Amino acid sequence: MANFDFKETFLNPIFKGNPISVLVLGICSSLAVTVQLKGAFVMGLSVIIVTGLSSLICSLLRNTIPNRIRIIVQLVVVAMMVILVDQVLKAYAYSVSKTLSVYIGLIITNCIVMGRIEAFALGNKPFASLIDGLGNGVGYAMILVIVAFFRELLGSGTLFGFQVIPQAVYDFGYVNNGLMILPPMALILLGCIIWVQRTIQKDLQEK
Amino acid sequence: MNTNSNTYTVIYSIILVVIVAAVLAFAAMFLKPTQDANVKKDTIGQILTAATVQGEDILATYQQEIEAAILVDIDGNKVGELDITSCEVYDNSALKRQTIAEEKALPVYIFKNGITVVPCYGAGLWGPIWGYVGLEGDLKTIKAVRFDHKGETPGLGAKIADEPSFAEAFIGQQVGEGAVLFEVAKPANRKTEKNGVDAISGATITCQALGKTLNQWFGFYQNYFAKNAASCGHDCADCSGCGHEGEGHAHKGEGHGHKCSDCSDCEEVESDNTVEE
Numbered sequence: 159m160a161n162f163d164f165k166e167t168f169l170n171p172i173f174k175g176n177p178i179s180v181l182v183l184g185i186c187s188s189l190a191v192t193v194q195l196k197g198a199f200v201m202g203l204s205v206i207i208v209t210g211l212s213s214l215i216c217s218l219l220r221n222t223i224p225n226r227i228r229i230i231v232q233l234v235v236v237a238m239m240v241i242l243v244d245q246v247l248k249a250y251a252y253s254v255s256k257t258l259s260v261y262i263g264l265i266i267t268n269c270i271v272m273g274r275i276e277a278f279a280l281g282n283k284p285f286a287s288l289i290d291g292l293g294n295g296v297g298y299a300m301i302l303v304i305v306a307f308f309r310e311l312l313g314s315g316t317l318f319g320f321q322v323i324p325q326a327v328y329d330f331g332y333v334n335n336g337l338m339i340l341p342p343m344a345l346i347l348l349g350c351i352i353w354v355q356r357t358i359q360k361d362l363q364e365k
Numbered sequence: 270m271n272t273n274s275n276t277y278t279v280i281y282s283i284i285l286v287v288i289v290a291a292v293l294a295f296a297a298m299f300l301k302p303t304q305d306a307n308v309k310k311d312t313i314g315q316i317l318t319a320a321t322v323q324g325e326d327i328l329a330t331y332q333q334e335i336e337a338a339i340l341v342d343i344d345g346n347k348v349g350e351l352d353i354t355s356c357e358v359y360d361n362s363a364l365k366r367q368t369i370a371e372e373k374a375l376p377v378y379i380f381k382n383g384i385t386v387v388p389c390y391g392a393g394l395w396g397p398i399w400g401y402v403g404l405e406g407d408l409k410t411i412k413a414v415r416f417d418h419k420g421e422t423p424g425l426g427a428k429i430a431d432e433p434s435f436a437e438a439f440i441g442q443q444v445g446e447g448a449v450l451f452e453v454a455k456p457a458n459r460k461t462e463k464n465g466v467d468a469i470s471g472a473t474i475t476c477q478a479l480g481k482t483l484n485q486w487f488g489f490y491q492n493y494f495a496k497n498a499a500s501c502g503h504d505c506a507d508c509s510g511c512g513h514e515g516e517g518h519a520h521k522g523e524g525h526g527h528k529c530s531d532c533s534d535c536e537e538v539e540s541d542n543t544v545e546e
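Quick note, the sequences are listed as chains A and B, same order. Going by my numbering, the residue at position 139 of the first sequence is 297; the numbering climbs one at a time, nothing skipped. Going by my numbering, the residue at position 61 of the second sequence is 330; the numbering climbs one at a time, nothing skipped.
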């Protein structure tokens with residue numbers, strides 16, 4: 159792509175082409191890790207790193223990859239990045255890595271990562287691919303954080319583990335919504351986000 | 270160059286895999302010490318939770334609050350000691366070895382607040398499960414527990430670690446005697462009355478495994494418990510008569526062999542005079 163538009167490449171996957179709310183990819187993990195903001199935040203960061211760097215590496219290799227094993231090559235690169243992220247988290251953010259348990263490893267199965275490599279990185283220059291990967295990661299992370307914000311606030315009354323709903327409110331009879339910490343509520347919240355986005359961006363509506 | 274030829278494809282995949290393997294091996298070696306330190310800290314944190322001890326700095330708190338960390342064999346005799354100053358604890362692989370070892374050296378962590386913590390380790394549904402049980406001075410009543418797992422199903426089996434009400438259910442339960450030492454099952458399925466807690470619905474296999482694991486490990490420690498339980502806390506009236514002051518006498522009660530006249534509980538104690546001459 160000769161006329162590579164930095165802003166468009168980065169911002170498109172965040173809003174107009176958001177991997178979760180428009181492409182509806184990576185739903186599985188967004189249901190699982192959004193109970194608390196902290197987990198969602200670290201998960202989002204991990205996905206940004208994995209999508210960005212694997213897109214970069216695959217784009218650097220794009221002219222050498224034998225066509226018949228290209229999916230396997232992509233998979234090896236993504237798996238390597240995920241294992242690296244997992245190992246680093248285990249060493250420097252052990253408690254978060256324990257909360258996220260298997261989900262960091264499951265980034266490998268996140269369609270966003272492979273999808274972007276296959277659709278973008280294999281046909282574009284390394285820098286553009288890096289930006290596209292990062293943009294998609296940020297788009298994913300943003301939805302995760304929004305969902306986690308509501309789930310933690312309404313489900314536990316905390317944000318990043320700190321109590322934000324004062325005790326006085328509980329004394330008046332307010333109770334945390336137990337449904338919020340269960341996965342179905344994440345799906346309903348996601349539905350709401352998609353609804354809001356399609357109301358604003360009318361061109362996304364199917365006729 | 271023809272990137273679609275067989276030779277190219279084979280060579281390409283070999284080189285790629287070797288490079289990736291080297292990167293991962295290097296990362297694993299480089300990060301291992303930090304990861305091990307984290308795991309150890311986590312283990313000690315779990316032991317402290319089971320001992321109902323809290324503190325900012327986990328390692329310092331452990332060193333401060335621990336009275337003794339000893340190793341006992343299956344007969345309940347002390348066979349060794351764990352170094353307290355370096356915070357030496359049994360990690361999971363060491364616990365795993367003990368489940369199959371013929372000559373066992375089982376860790377016992379005795380805290381200054383009178384709580385004795387013993388570990389357990391076994392197979393869950395997807396991977397190992399383990400935990401620490403804090404017992405009161407009578408070595409029967411459970412004061413606190415902390416369980417953990419490698420990869421039980423989140424939201425179901427994983428609740429043994431992250432569901433507070435499950436851990437709370439253990440408080441005040443007793444380690445039983447005879448064939449069934451502890452049960453994790455619904456009340457209707459329990460064989461004993463006071464020696465069990467409810468299982469978690471949806472996590473049948475994990476809970477069965479936990480019950481089995483606890484049974485196995487309480488079994489390992491049964492002789493230690495019997496020998497070292499402080500039965501009633503009363504001074505034994507016969508004590509001055511027996512003349513064996515010293516090590517064997519550190520704990521009052523059952524190990525002693527004498528019955529305490531002040532305490533009805535002690536009537537059941539069999540008089541096995543195991544004090545060394």
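By construction, the Cβ of each residue, glycine as well, lies at the ideal position given by its N, Cα and C atoms. Only a predicted model underlies this, so the values are computations on that prediction, with no experimental measurement involved.
Item, Value
"Whole runs of the beta strand (DSSP E) within the stretch 362 to 390 of chain B, excluding any shorter than 3 residues", "375 to 380"
"Burial state of Gly471 of chain B (16 or more Cβ within 10 Å)", "exposed"
"Helix, strand or coil at Gly403 of chain B [DSSP, three-state]", "strand"
"Nonlocal neighbours in the same chain, by C-beta distance under 8 Å from Phe439 of chain B, ignoring five residues either side", "Val402, Ile411, Ala413, Val414 and Val466"
"Cβ shell of Ala326 of chain A (< 7 Å), same chain only, five flanking positions each side left out", "none"
"Under 7 Å from the C-beta of Tyr277 of chain B: neighbouring residues of chain A", "Pro224"
"Residues from the stretch 230 to 248 of chain A in contact with chain B, defined by Cβ distance under 9 Å", "Ile230, Val231, Val234, Val235, Ala237, Met238, Ile241, Leu242, Gln245, Val246 and Lys248"
"Interface residues of chain B facing Ile227 of chain A [CB-CB closer than 7 Å]", "Thr278 and Ser282"
"is_contact[Tyr298 of chain A, chain B] using C-beta, thresh 8 Å", "no"
"Chain-ordered neighbours of Ala344 of chain A on chain B, where CB pairs are closer than 8 Å", "By Cβ distance, chain B contributes nothing, its closest Cβ being about 12 Å from Ala344 of chain A, past 8 Å."
"Residue-level contact to chain A via CB, Pro397 of chain B, 8 Å cutoff", "no"
"Contact set for Ile352 of chain A: own chain, Cβ-Cβ below 7 Å, skip 5 residues either direction", "Ser179"
"Beta carbon of Ile429 of chain B nearer than 8 Å to that of Ile398 of chain B", "yes"
"Distance, Gly406 of chain B Cα to Gln333 of chain B Cα", "19 Å"
"Limits of the unbroken alpha helix (DSSP H) element including Ala438 of chain B", "Pro433 to Phe439"
"Cβ neighbour criterion (16 or more within 10 Å) applied to Pro456 of chain B", "exposed"
"is_contact[Asn484 of chain B, chain A] using C-beta, thresh 8 Å", "no"
"Three CB pairs or more closer than 8 Å across the stretch 257 to 277 of chain A and the stretch 289 to 300 of chain A", "yes"
"Nearest-angstrom Cα separation, counted from Leu450 of chain B out to Gly488 of chain B", "7 Å"
"Spatially closest choice to Val246 of chain A from A:Asn221, A:Val200 and A:Cys269, by CA coordinates", "A:Val200"
"Residue interval of the beta strand (DSSP E) (run including Phe416 of chain B)", "Ile411 to His418"
"Pairwise C-alpha distance: Met338 of chain A and Asn275 of chain B", "54 Å"
"For Thr321 of chain B, the three-state DSSP class (helix, strand or coil)", "coil"
"Which of helix, strand or coil DSSP assigns to Thr272 of chain B", "coil"
"Contact check, Leu293 of chain B vs Val341 of chain B, beta carbons under 8 Å", "no"
"Own chain residues within Cβ distance below 6 Å of Gly315 of chain A, not counting five before or after", "Ile323 and Asn334"
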